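The number in our numbering is simply the position in the sequence shown, starting from 1, with 1157 added. Positions of the beta carbon are idealized from the N, C-alpha and C atoms, including for glycine. Fair warning: this is a prediction, and the values are worked out from it, not measured in the lab.
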Amino acid sequence: MYNIDMDKKVCIITGANSGIGFEAAVQIADEGFHVVLACRSRERGEAALKRILDESPQRSVELMIVDMSLMSSVRKFADSVTREHGVIDVLIHNAADFDISRKKPVYTEEGIESIWATNHIGPVLLTELLLNSLKRSEEGRIITVASKGLIMKPFMKVDLYDPEFRRRRFSVSNAYYQSKKAQIIYTYHLRRRLENSPVTCNCIRVTNVKIDISRYPDVSSLMKKMYALKSKKSITASAMAGTYTYAAVSSRMRGKSGLYIDENNNPVSSGRYTCDEGVQNDVMALTFSYIPEIGNMI
Ligand SMILES: NC(=O)c1ccc[n+]([C@@H]2O[C@H](COP(=O)([O-])OP(=O)(O)OC[C@H]3O[C@@H](n4cnc5c(N)ncnc54)[C@H](OP(=O)(O)O)[C@@H]3O)[C@@H](O)[C@H]2O)c1
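Shown next as structure tokens:
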């Protein structure tokens, strides 16, 4: 069922079975890349793979399974993907946990709050485990994903003492935006660390994008109405994926690192807090405390 062309550049996209990730997989495959759809559900991943290949059988795509909320799964995935592909050219951290109906924190079987694990700790671990394979590329590109909604949270900080809402009141939006701020911070931290390597790292500021609300059956009817209204001002997943594709393949992005890029492919500011080196050091010290095998190497 898979179509793998080993001569092509390799792009991994997490959460590529729906929304922006799916559209980016299509566009980047059409740019001549081999795309690894890194999905947590085999069923949904296979359905996406089938849609991509039914439309155009010559596309080079494959499905690999990873649950970004579980570090054991991330390690297993990193192991399989590096065994199969010695060189990785692009890594896109698109998958995210943002179940807007969640009222209480959910802790994974490994004991980490799910949004923090899926949207931040998992992507950091995966990047670090794939770094050597990205360095083997002529121009490895790491792409993280944040949100324009952060504009509404200018004073929000990563809570260094309680990032998992064990002692403070849970709010799904605070948990989500905290994880996205941490991803921006990781992008800047990596830019500094990778200064003398061919690998670049940039973050995409995703704007309001139409979502398939049927993916969230527990959302209240009021929330559904609000989403319908919001959708009128949203762009399509395919339009937003255009920026993923630009960051992944465009020659204009060659050598550019540490940028926060909007839906028009323009660099924008992420605010003073995320750019503060002291903050970056503190947030990364916290992050690496979850994955000491990486933290001890840096
Ligand atoms: N839509 C917007 O308005 C908006 C705004 C700002 C930022 N963003 C960001 O844009 C990115 C894509 O969002 P989207 O709108 O395309 O949403 P989406 O269609 O819901 O896509 C999210 C993807 O992430 C996957 N995922 C969730 N948890 C996972 C896990 N533990 N392991 C692996 N994959 C997991 C989902 O897989 P399943 O199908 O298995 O659930 C799905 O494929 C996200 O990073 C999001 O935060 C979106």
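Q) Can you list the beta strand (DSSP E) stretches of 3 or more residues lying completely in the stretch 1206-1251, in chain order? A) The stretch 1206-1251 contains these whole beta strand (DSSP E) runs: 1218-1222 and 1247-1249.
Q. Roughly how far, in whole angstroms, is the beta-carbon of residue 1251 from the beta-carbon of residue 1173, given that I think they are within contact range, below 8 Å?
A. About 7 Å; that satisfies the 8 Å criterion.
Q) Apart from the five residues on each side of it in sequence, which residues of its chain come closer than 6 Å, Cβ to Cβ, to residue 1263? A) Here residue 1263 has 1271 as same chain residues with Cβ atoms under 6 Å from its own Cβ, once five neighbours each way along the sequence are excluded.
Q: With distances taken Cα to Cα, identify the nearest neighbour of residue 1357 among 1314, 1416 and 1308.
A: Ranking 1314, 1416 and 1308 by Cα distance to residue 1357 puts 1416 first.
Q: Would you list the one or two residues that DSSP bridges to residue 1168?
A: 1192 and 1247, per the DSSP bridge assignment.
Q) With residue 1221 and residue 1193 assumed to form a contact (beta carbons below 8 Å), what rounded beta-carbon distance in angstroms separates them? A) The distance from the Cβ of residue 1221 to that of residue 1193 is about 5 Å, consistent with a contact at the 8 Å cut-off.
Q: Report all residues from its chain with a CB closer than 7 Å to the CB of residue 1282; omit the five preceding and five following residues, and keep chain order.
A: The beta carbon of residue 1282 sits closer than 7 Å to those of 1228, 1231, 1448 and 1451, all from its chain and outside the five residues before and after it, given in chain order.
Q.
Between residue 1309 and ligand 1, is there a pair consisting of the residue's CB and a ligand heavy atom that are separated by less than 7 Å?
A. Checking every heavy atom of ligand 1 against the Cβ of residue 1309, none is found closer than 7 Å.
Q | residue 1169 versus residue 1236: straight-line alpha-carbon distance, rounded | A | The C-alpha of residue 1169 lies about 14 Å from the C-alpha of residue 1236.
Q.
With three or more beta-carbon pairs closer than 8 Å as the criterion, would you say the stretch 1337-1349 touches the stretch 1379-1394?
A. Cβ pair count under 8 Å is below three, so no.
Q: Could you tell me which residues DSSP pairs with residue 1270 in its beta bridges?
A: According to DSSP, residue 1270 bridges with 1264.
**Q.** Alpha carbon of residue 1210 to alpha carbon of residue 1191, nearest angstrom
**A.** For residue 1210 and residue 1191, the distance between alpha carbons rounds to 12 Å.
Q) Within the present structure, is the beta-carbon of residue 1114 separated from the nearest heavy atom of ligand 1 by less than 7 Å? A) There is no way to answer for residue 1114, as the model of the chain reaches only from 1158 to 1455.
Q: Report yes if the C-beta of residue 1224 is less than 7 Å from at least one heavy atom of ligand 1; otherwise report no.
A: Residue 1224 Cβ: within cutoff of ligand 1.
Q. Which ranges would you report for the alpha helix (DSSP H) in the stretch 1339-1394 if only whole runs of at least 4 residues count?
A. Here the runs fully enclosed are 1378-1388.
Q | Run of the alpha helix (DSSP H) containing residue 1302, from where it starts to where it stops | A | No alpha helix (DSSP H) holds residue 1302; the beta strand (DSSP E) holding it covers 1298-1304.
Q: Assuming residue 1400 and residue 1418 form a contact by the criterion Cβ under 8 Å, report the distance between their Cβ atoms to the nearest whole angstrom.
A: At roughly 6 Å, the Cβ-Cβ gap stays under 8 Å, so residue 1400 and residue 1418 are in contact.
Q: Kindly list the residues whose CB is nearer than 6 Å to the CB of residue 1239, restricted to its own chain and excluding five residues on each side of it in sequence; keep chain order.
A: Excluding positions up to five away in sequence, the list reads 1290.
Q | Any non-hydrogen atom of ligand 1 closer than 7 Å to residue 1428 Cβ | A | Exclusion of residue 1428 from the 7 Å shell around ligand 1 follows from its C-beta lying no nearer than that to any non-hydrogen atom of the ligand.
**Q.** Span of the alpha helix (DSSP H) around residue 1310
**A.** Per DSSP, residue 1310 is not a residue of any alpha helix (DSSP H), being assigned neither H nor E.
Q | heavy atom of ligand 1 below 7 Å from residue 1394 C-beta | A | Look at residue 1394: its beta carbon is less than 7 Å from one of the heavy atoms in ligand 1.
**Q.** Distance CB(residue 1320)-CB(residue 1443) smaller than 8 Å
**A.** Their beta carbons are under 8 Å apart, which means residue 1320 touches residue 1443 by this criterion.
Q | Which listed residue (1360, 1361 and 1388) has its alpha carbon closest to that of residue 1370 | A | When each option's Cα is compared against that of residue 1370, the closest is 1388.
Q: Compute the distance between the beta-carbons of residue 1205 and residue 1179, then report whether it is under 8 Å.
A: Going by C-beta atoms, residue 1205 is nearer than 8 Å to residue 1179.
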